[in-house]
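Report on the following structure.
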Amino acid sequence: VVHPYDVGIGVRRRHDTDLGLWHVRAKPRSSSEIISIQSITRGAALANDPDTPGDYFVIHTIDADMFLQVKSL
Numbered sequence: 292v293v294h295p296y297d298v299g300i301g302v303r304r305r306h307d308t309d310l311g312l313w314h315v316r317a318k319p320r321s322s323s324e325i326i327s328i329q330s331i332t333r334g335a336a337l338a339n340d341p342d343t344p345g346d347y348f349v350i351h352t353i354d355a356d357m358f359l360q361v362k363s364l
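The number in the working numbering is simply the position in the sequence shown, starting from 1, with 291 added.
Following this line, the structure appears as structure tokens:
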């Protein structure tokens, strides 16, 4: 089961942009989909945003590939 985290969050906060932080927000659980595990190309680690309930930061410093993928957004 895949729970999409691609809801628009509006304008990025300046300090988040300055620090290179990327926010995501989950769609409702009813938007979850069942997919084949073979179709997953990559995942992302997320951390709660303490200032905004329901928002998450993408942890892009895990490896160079994730860092580059987030930088291209």
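Don't be surprised by glycine CBs; every beta carbon is placed ideally from N, CA and C. Keep in mind it's a predicted model, so treat the numbers as computed, not measured.
Same chain only: Cβ atoms within 7 Å of residue i, ignoring 5 sequence neighbours per side
{"i": "VAL293", "result": "SER323, GLU324 and ILE326"}
For residue j and residue i, the rounded distance between their alpha carbons
{"i": "TYR347", "j": "ASP356", "result": "20 Å"}
{"i": "ASP342", "j": "ASP307", "result": "12 Å"}
{"i": "VAL302", "j": "GLN329", "result": "34 Å"}
{"i": "LYS362", "j": "ILE353", "result": "13 Å"}
{"i": "LEU310", "j": "ARG333", "result": "24 Å"}
{"i": "ILE300", "j": "ILE331", "result": "24 Å"}
Which listed residue (the options) has its alpha carbon closest to that of residue i
{"i": "ASP340", "options": "ASP309, ASP297 and TRP313", "result": "TRP313"}
{"i": "ALA338", "options": "SER330, VAL349 and ILE328", "result": "VAL349"}
Cutoff 8 Å; reference residue i; Cβ partners in own chain excluding five residues on either side
{"i": "ALA317", "result": "HIS294, PRO295, TYR296, VAL298, GLY345 and TYR347"}
{"i": "ARG320", "result": "HIS294"}
Test: residue i CB closer than 8 Å to a CB of chain D
{"i": "TRP313", "result": "Absent from the structure: chain D. Only one protein chain is present."}
In DSSP terms, what residue i is bridged to
{"i": "LEU337", "result": "VAL349"}
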